[in-house]
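**Student:** Below is one structure. I have some questions about it.
There are 4 protein chains.
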Amino acid sequence: MTGYRAEKDQLLRRLRRVEGQIRGLQRMVDTDTYCIDVLTQVSAATKALQAVALHLLGSHLAHCVQDAIAGGGEEADAKITEASQAIARLMRA
Amino acid sequence: MTGYRAEKDQLLRRLRRVEGQIRGLQRMVDTDTYCIDVLTQVSAATKALQAVALHLLGSHLAHCVQDAIAGGGEEADAKITEASQAIARLMRA
Amino acid sequence: MTGYRAEKDQLLRRLRRVEGQIRGLQRMVDTDTYCIDVLTQVSAATKALQAVALHLLGSHLAHCVQDAIAGGGEEADAKITEASQAIARLMRA
Amino acid sequence: MTGYRAEKDQLLRRLRRVEGQIRGLQRMVDTDTYCIDVLTQVSAATKALQAVALHLLGSHLAHCVQDAIAGGGEEADAKITEASQAIARLMRA
Numbered sequence: 023m024t025g026y027r028a029e030k031d032q033l034l035r036r037l038r039r040v041e042g043q044i045r046g047l048q049r050m051v052d053t054d055t056y057c058i059d060v061l062t063q064v065s066a067a068t069k070a071l072q073a074v075a076l077h078l079l080g081s082h083l084a085h086c087v088q089d090a091i092a093g094g095g096e097e098a099d100a101k102i103t104e105a106s107q108a109i110a111r112l113m114r115a
Numbered sequence: 023m024t025g026y027r028a029e030k031d032q033l034l035r036r037l038r039r040v041e042g043q044i045r046g047l048q049r050m051v052d053t054d055t056y057c058i059d060v061l062t063q064v065s066a067a068t069k070a071l072q073a074v075a076l077h078l079l080g081s082h083l084a085h086c087v088q089d090a091i092a093g094g095g096e097e098a099d100a101k102i103t104e105a106s107q108a109i110a111r112l113m114r115a
Numbered sequence: 023m024t025g026y027r028a029e030k031d032q033l034l035r036r037l038r039r040v041e042g043q044i045r046g047l048q049r050m051v052d053t054d055t056y057c058i059d060v061l062t063q064v065s066a067a068t069k070a071l072q073a074v075a076l077h078l079l080g081s082h083l084a085h086c087v088q089d090a091i092a093g094g095g096e097e098a099d100a101k102i103t104e105a106s107q108a109i110a111r112l113m114r115a
Numbered sequence: 023m024t025g026y027r028a029e030k031d032q033l034l035r036r037l038r039r040v041e042g043q044i045r046g047l048q049r050m051v052d053t054d055t056y057c058i059d060v061l062t063q064v065s066a067a068t069k070a071l072q073a074v075a076l077h078l079l080g081s082h083l084a085h086c087v088q089d090a091i092a093g094g095g096e097e098a099d100a101k102i103t104e105a106s107q108a109i110a111r112l113m114r115a
C-alpha cells in the first residue's frame, strides 16, 4: 500500500526532472563549467529532491498514517514512530 | 578556470551514482514501493548530492579562491563574497 | 491542547541547555575566541534545536494528530496539512 | 586572531536576540502553547542561528583565510581544509 498512488504520475515527472538536473550537472562538469555555477545547480537539484520528499511525506501522512489510525489497532503507534524517524533522516540529510 | 580539474573523473563518477539513485527512485515509485522506503532512498540521494557540493566547494576554495588571493588584486574580495553566497544557497537548499 | 504535556519538563530542560549554549557563544565572541571554534559551537546549538523540533513534532503526531484522526470529523485533514507545513518550514530552516 | 573583530557588536546583538527567542520558547512550552506554534518559533530560531553561522564564516574567509593565503607559507592549505570542515559540520547540523 502506498500513500502516493493518486499522484504517482506527478511524482515520476518530478523525479525525471531531477534526473535531468543531475545529467545537466554531469555536462557542466564535463565541459569545465565554473565551480560556483555548478554549485548553484547542485543547490537547485537538492531543493527539488527535498520538495519530492515533502510531497511523499505529505501523502504518507494523509493516507497511510491516517488510515492506520482511523482503522484503530496497534499499528497506529508504529506508523507514527516510523514517520517521525523518516522526518529525522530527512532533516539530517 | 575550474577548481575541480584534478578530481573531474571522481566528481563525474559521484554524479553518475546520484543519477543511478534517482533512476532507482523512479523504479521504486513505478512499482509502488512503500512510501517510507522511497523516503529513505530520497534521504540517501540528498546526502550524496550534498557530499558532491562539499567536494566542489573544497576544491573551489583550495584552487580558485586561493589563486585569486595569492595573485593579489581586487578580485580576491569578489571571490570570497561569491563563495560565501554559494555556501548560503547550499545551507538553505 | 498540547501533544508534549507528558514531556514538558524534559523539553524545558533541553531548551535551557540550548539557552546555555547560546550564552556560551556570547562569551566566546566576547573573549575573541577563534572563529572556527565559535562555528563548531554554533553547529552544536543548531543540532540541539533541531532535536527539540523533532521531539515536538513526534509528540504532536503521536497525540494531537492521532487524536484528531481517531476522533474522526473533518479536523483530521486540516491537522495533517498543518503538520506537513511545519515539517516543510523545519526542513528549510 | 579573529575574523569577526569589526562586527563583534553586531554578532553579540544577533546572539542576544537568539537567546531571547530561546527564552521565548521556554515561556511558550511553560504556558502550554500549541505545538505547531512552538515549532514555528523553533524554525525561526534555527534560521537566526544559521544566519549567525553564515556571518561568522564570511568574516572568517574574508579575514583569517585571506590573511593566511596572502601571507603565503604552508598555513594557507591548513586554513582552507579547516574552513571546509566547518562548512561540512554546518550543513549536517
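Protein chains in written order, with the working numbering: chain A, 23 to 115; chain B, 23 to 115; chain C, 23 to 115; chain D, 23 to 115. Ideal placement from N, C-alpha and C gives every residue a C-beta, glycine not left out. Predicted, not measured: the structure shown is a model, and the values here were computed from it.
Are the beta-carbon atoms of T62/B and R111/A separated by less than 8 Å?
**Tutor:** Within the second sequence, numbered from 1, the residue matching residue 62/B stands at position 40. Within the first sequence, numbered from 1, the residue matching residue 111/A stands at position 89. A contact, by the Cβ cut-off of 8 Å.
**Student:** Please list, in chain order, all residues of the same chain as C86/C whose beta carbon is under 7 Å from its beta carbon, the five residues on each side excluded.
**Tutor:** In the third sequence, the residue the question calls residue 86/C occupies position 64. Cβ neighbours of C86/C beyond the five flanking positions: M23, G25, K101.
**Student:** Looking only at its own chain, which residues have a Cβ that is under 6 Å from the Cβ of V74/D, when we skip the five neighbours before and after it?
**Tutor:** Position 52 of the fourth sequence, counted from the start, is the residue given in the question as residue 74/D. Answer for V74/D: R36, listed in chain order.
**Student:** Rounded to the nearest angstrom, what separates E97/B and D99/D at their Cα positions?
**Tutor:** Here residue 97/B refers to the residue found at position 75 when the second sequence is read from its first residue. Here residue 99/D refers to the residue found at position 77 when the fourth sequence is read from its first residue. Roughly 20 Å between the two C-alpha positions.
**Student:** Residues in the same chain with beta-carbon distance under 8 Å from A70/B, minus the five sequence neighbours each way, listed in chain order, please.
**Tutor:** If you number the second sequence from 1, residue 70/B lands on position 48. The residues are R36, R39, V40, Q43.
**Student:** Please report whether the beta-carbon of Q88/B lies at a distance below 8 Å from any beta-carbon of chain D.
**Tutor:** As a working mapping, residue 88/B is identified with position 66 in the second sequence. By this cut-off, Q88/B is an interface position.
**Student:** List, in chain order, every chain B residue whose beta-carbon is nearer than 8 Å to that of G25/A.
**Tutor:** Translated into positions along the first sequence, residue 25/A becomes position 3. Taking the beta carbon of G25/A as reference, the chain B residues within 8 Å of it are C57, listed in sequence order.
**Student:** Does the ligand MG have even one heavy atom less than 7 Å from the beta-carbon of A115/C?
**Tutor:** For the ligand MG, the structure offers nothing, since it holds no ligand at all.
**Student:** Classify T53/D as buried or exposed, calling it buried when 16 or more other Cβ atoms lie within 10 Å of its own Cβ.
**Tutor:** Taking the fourth sequence and counting its residues from 1, one reaches residue 53/D at position 31. Exposed, because fewer than 16 other Cβ atoms sit within 10 Å of the Cβ of T53/D.
**Student:** State the Cα-Cα distance for the pair A67/D and L33/D, rounded to the nearest angstrom.
**Tutor:** Numbered from 1 along the fourth sequence, position 45 holds the residue referred to as residue 67/D. Numbered from 1 along the fourth sequence, position 11 holds the residue referred to as residue 33/D. Cα to Cα, A67/D sits roughly 15 Å from L33/D.
**Student:** Determine the extent of the alpha helix (DSSP H) in which V60/A is found, giving its start and end residues.
**Tutor:** The residue you call residue 60/A lines up with position 38 of the first sequence. 57 to 82 is the span of the alpha helix (DSSP H), which, as asked, contains V60/A.
**Student:** Please identify the residue among R45/C, I58/C, H82/C whose C-alpha is closest to the C-alpha of R27/C.
**Tutor:** If you number the third sequence from 1, residue 27/C lands on position 5. Closest option to R27/C, Cα to Cα, is H82/C.
**Student:** Under three-state DSSP, which class holds A98/B?
**Tutor:** Mapped onto the second sequence, residue 98/B falls at position 76. Here A98/B sits in helix by DSSP.
**Student:** Let me check understanding here. Comparing Cα to Cα, which of A84/B, M50/B, A108/B lies closest to L76/D?
**Tutor:** Translated into the one-based positions of the fourth sequence, residue 76/D becomes position 54. Residue A108/B is the option with its Cα nearest to L76/D.
**Student:** Note the first and the last residue of the continuous alpha helix (DSSP H) segment covering A92/A.
**Tutor:** For the purposes of this step, residue 92/A is taken as the residue at position 70 of the first sequence. Unbroken alpha helix (DSSP H) run through A92/A: 88 to 92.
**Student:** How about Q72/D: is its C-beta nearer than 8 Å to some C-beta of chain E?
**Tutor:** No chain E is present in this structure, whose protein chains are A, B, C and D.
**Student:** What separation, rounded to the nearest whole angstrom, lies between the Cα atoms of V51/C and K30/D?
**Tutor:** Your numbering for residue 51/C matches position 29 in the third sequence. Your numbering for residue 30/D matches position 8 in the fourth sequence. Note on geometry: alpha-carbon atoms of V51/C and K30/D lie some 7 Å from one another.
**Student:** In the DSSP assignment, find the unbroken alpha helix (DSSP H) run with M23/D in it and report its ends.
**Tutor:** Within the fourth sequence, numbered from 1, the residue matching residue 23/D stands at position 1. From DSSP, M23/D is part of no alpha helix (DSSP H); its letter is neither H nor E.
**Student:** So the candidates are I58/A, E104/A, Q72/A; which of them puts its Cα closest to the Cα of V64/B?
**Tutor:** One-based indexing of the second sequence puts residue 64/B at position 42. It is Q72/A.
**Student:** To the nearest angstrom, report how far apart G46/B and G80/A are at their CA atoms.
**Tutor:** The residue labelled residue 46/B in the question sits at position 24 within the second sequence. The residue labelled residue 80/A in the question sits at position 58 within the first sequence. Taking the straight line from one Cα to the other gives about 21 Å.
**Student:** How many angstroms separate the CA atom of G94/A from the CA atom of Q48/C?
**Tutor:** Position 72 of the first sequence, counted from the start, is the residue given in the question as residue 94/A. Position 26 of the third sequence, counted from the start, is the residue given in the question as residue 48/C. Roughly 50 Å between the two C-alpha positions.
**Student:** Under 7 Å Cβ-Cβ, which residues of chain A neighbour S65/C?
**Tutor:** The residue labelled residue 65/C in the question sits at position 43 within the third sequence. Correct list: empty, because the minimum Cβ distance to chain A is about 13 Å.
**Student:** What residue from L78/B, D59/B, A90/B has the CA that sits closest to C57/A's CA?
**Tutor:** Along the first sequence, one-based indexing puts residue 57/A at 35. Checked all of L78/B, D59/B, A90/B; the closest Cα to C57/A is L78/B.
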